[in-house]
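K.L.:
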Amino acid sequence: MFGLNKKRSKLGKWIDRNGFTQEDLIEESKVSRNTISKACSDPDYVPTGTTMKKILKAVRKVDPSAKSTDFWDI
58 MFGLNKKRSK LGKWIDRNGF TQEDLIEESK VSRNTISKAC SDPDYVPTGT
108 TMKKILKAVR KVDPSAKSTD FWDI
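Its first residue numbered 58, the sequence shown is counted upward by one per residue in our numbering.
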């Protein structure tokens, strides 16, 4: 099972629940490994607008109803 004993953000919990991996998200979104890692592990991290848009575009390929507020408090 993914995500055991790891500090996870809402985005990290979402990818764990949906069988998506950080690697999948990196490839789909074209966002750097460090940024995706931080977005999945730091619950206080809010990416820039451009990065958020890229991540959401990749997430919506799996869940078309996903919104930025599902993952970040903005």
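Glycine included, C-beta positions come from ideal geometry on N, C-alpha and C.
Quick check: the segment 119-126 against the segment 88-100, are there 3 or more CB pairs under 8 Å?
P.N.:
no
K.L.:
Might you give, ordered along the chain, the residues of its own chain that have their beta carbon closer than 7 Å to the beta carbon of Ile131, omitting 5 neighbours on each side?
P.N.:
These residues qualify, in order along the chain: Val103 and Ser125.
K.L.:
Take Ser86 and list the residues in its own chain whose beta-carbon comes closer than 6 Å to its own, dropping the five residues that flank it on each side.
P.N.:
Same-chain partners within the cutoff: Lys111, Ile112 and Ala115.
K.L.:
Cβ atoms of Ser98 and Arg74: under 8 Å apart, would you say?
P.N.:
no
K.L.:
Quick one: using the 10 Å Cβ neighbour count with 16 as the cut-off for buried, is Ile72 buried or exposed?
P.N.:
buried
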